[in-house]
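Numbering (the numbering used here), first residue to last: 15 to 450.
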Ligand SMILES: [Zn+2]
Ligand SMILES: [Zn+2]
Ligand SMILES: [Zn+2]
Ligand SMILES: [Zn+2]
């Protein structure tokens with residue numbers, strides 16, 4: 015009865031464009047430092063990829079979708095869903111006749127290209143999921159094409175197979191999109207912090223985190239200033255040191271200095287510093303000997319202090335039997351769950367896989383949906399290829415999630431970050447399969 019559906023790596027590939035997010039999932043921007051590592055994706059992601067690829071979500075058999083679908087009647091849909099094992103949390107409601115119209119109206123509010131509200135928005139006819147400013151106003155559709163292309167094509171293929179029907183009648187009512195966990199912003203550029211940890215920079219001197227592009231730009235600006243001073247004074251002057259933009263302590267630090275600053279912050283119960291120090295021990299960095307036991311102790315400490323990043327690391331260690339821990343999927347699941355509850359978008363994705371495999375596909379759907387809405391592309395891929403294609407996710411719910419994802423990703427974008435990330439990708443320093 016069950017069909018095995020793979021979440022292939024091809025399902026998580028795409029890139030982004032620019033706009034600004036306002037109004038959707040409001041209530042963002044937590045106090046800096048309060049939930050330091052919220053929603054951040056682990057640097058261990060590459061380690062997970064292989065495993066995630068091999069995970070197969072056992073979904074209930076979907077209704078076969080032919081090119082000439084006669085819409086399934088409400089009664090037939092209810093009967094079909096009634097025979098499926100969808101887990102405990104499912105509420106099987108058949109949508110009333112007029113819901114589609116109302117939801118379409120509710121969705122048609124924001125341009126996915128620029129984030130603006132307008133009365134003259136035009137729907138993308140391919141996927142019928144997103145809206146753009148009228149051509150007379152701005153070229154939002156064109157600018158957003160690269161970001162939207164792959165999702166648009168994939169959704170359109172499904173709709174075409176359904177003879178243009180948005181839904182097949184077996185979709186599950188999963189309720190409204192949950193509110194996103196609070197997101198931090200970079201203290202320098204004020205854009206939402208990238209969800210991928212490798213794109214963040216932690217200053218162990220004062221415990222502040224900025225985006226890596228700002229941190230790099232800050233260093234190069236000091237260099238430019240030094241050149242300018244020499245030019246202005248028409249002689250060689252001793253260069254100004256590169257200092258932390260917040261506490262003005264020099265950033266050229268020896269390993270001993272870094273460790274000493276980190277340890278001070280660990281004493282202050284800084285969750286992020288505790289997690290950082292744990293990883294230095296785990297991998298024997300900064301001149302430390304490899305000490306996996308110490309790494310795990312510190313990771314647990316950081317997780318207890320409310321660091322979702324540390325929880326996700328523990329999940330990963332239990333998942334693969336790393337850092338001297340035994341492979342234990344139950345333990346792994348607990349840590350992934352904790353990280354997901356802390357707002358870690360990648361952990362939501364992994365935990366979604368766990369609960370999906372355990373049979374609760376509705377809970378899985380909710381995890382993937384929230385994670386995608388936070389900007390995680392892998393989760394969007396799963397929503398499309400495991401749930402929407404097979405008639406479990408309503409088109410309007412997919413559309414709502416897709417719009418939220420674009421807005422979340424737009425909030426993370428700036429010209430400077432785009433440039434910087436492109437450079438990182440070219441040099442192979444950053445190639446996250448979930449971010450492409
Ligand atoms: Zn627009
Ligand atoms: Zn489209
Ligand atoms: Zn920044
Ligand atoms: Zn500092």
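Even for Gly, the Cβ is constructed at its ideal location relative to N, Cα and C.
Given 6 Å as the limit, tell me if residue i has its C-beta closer than that to any heavy atom belonging to ligand 1.
i           : result
residue 128 : yes
residue 143 : no
Which residue's Cα is closest to the Cα of residue i: the options?
i           : options               : result
residue 139 : 246, 180, 441 and 129 : 180
residue 192 : 415, 271, 258 and 283 : 415
residue 217 : 290, 319 and 172      : 290
residue 205 : 444, 441, 436 and 421 : 421
residue 185 : 439, 445 and 403      : 403
residue 176 : 409, 413 and 280      : 409
residue 269 : 303, 401 and 315      : 303
residue 322 : 297, 331 and 349      : 349
residue 260 : 211, 196, 346 and 202 : 202
residue 293 : 311, 220 and 394      : 311
residue 173 : 427, 355, 413 and 195 : 413
residue 316 : 332, 239 and 285      : 285
residue 182 : 132, 407, 130 and 445 : 407
residue 377 : 256, 279 and 401      : 401
residue 161 : 144, 171 and 150      : 144
Who does residue i pair with in a DSSP beta bridge?
i           : result
residue 257 : 264
residue 225 : 214
residue 146 : 136
residue 169 : Looking at the DSSP assignment, residue 169 forms no beta bridge with any residue, so it has no partner.
residue 343 : Note: residue 343 sits in no beta bridge, so no partner.
residue 124 : 131
residue 319 : Answer is none; residue 319 lacks a bridge partner.
residue 206 : 199
residue 186 : 407
Less than 7 Å separating the beta-carbons of residue i and residue j?
i           : j           : result
residue 389 : residue 431 : no
residue 381 : residue 365 : yes
residue 387 : residue 419 : yes
residue 325 : residue 353 : yes
residue 148 : residue 134 : yes
residue 226 : residue 241 : no
residue 296 : residue 337 : yes
residue 313 : residue 283 : no
residue 379 : residue 188 : yes
residue 200 : residue 258 : no
residue 385 : residue 372 : no
residue 368 : residue 347 : yes
residue 146 : residue 136 : yes
residue 272 : residue 300 : yes
residue 128 : residue 166 : no
residue 126 : residue 417 : yes
residue 279 : residue 237 : no
residue 247 : residue 256 : no
Relative to ligand 2, is the shortest distance from any of its heavy atoms to the C-beta of residue i smaller than 6 Å?
i           : result
residue 138 : yes
residue 154 : no
residue 400 : no
residue 147 : no
residue 125 : no
residue 166 : yes
Using a Cβ-Cβ distance under 7 Å, would residue i count as near chain C?
i           : result
residue 255 : Of the protein chains in the structure, only one exists, and it is not chain C.
Assign residue i to buried or exposed, taking buried as 16 or more other Cβ atoms, counted over all protein chains shown, within 10 Å of its Cβ.
i           : result
residue 156 : exposed
residue 474 : As shown, the chain starts at 15 and ends at 450. That puts residue 474 outside it, with no answer to give.
residue 60  : Only weak support exists for where residue 60 lies, its pLDDT of 33 falling under 50; the value from the coordinates is given anyway. So residue 60 counts as exposed.
residue 281 : exposed
residue 274 : exposed
residue 229 : buried
residue 330 : buried
residue 209 : buried
residue 64  : Low confidence applies to residue 64: its pLDDT is 31, below 50, so where it sits in the model is not reliable, and the reading given next is rough at best. Looking at its Cβ environment, which holds fewer than 16 other Cβ atoms inside 10 Å, residue 64 is exposed.
residue 370 : buried
residue 195 : buried
residue 426 : buried
residue 84  : At residue 84 the pLDDT is 29, less than 50, meaning the model places this residue with poor confidence; the figure from the coordinates comes in the next sentence. Looking at its Cβ environment, which holds fewer than 16 other Cβ atoms inside 10 Å, residue 84 is exposed.
residue 397 : buried
residue 435 : buried
residue 351 : buried
Closer than 6 Å to a non-hydrogen atom of ligand 4 - does that hold for the CB of residue i?
i           : result
residue 261 : yes
residue 225 : no
residue 455 : Only positions 15 to 450 of the chain appear in the structure, and residue 455 is not among them; the question remains open.
residue 321 : no
residue 3   : Because the chain here runs from 15 to 450, residue 3 falls outside it and cannot be looked at.
Compute every distance between the C-beta of residue i and the non-hydrogen atoms of ligand 3, then say whether any falls below 6 Å.
i           : result
residue 202 : yes
residue 220 : no
residue 228 : yes
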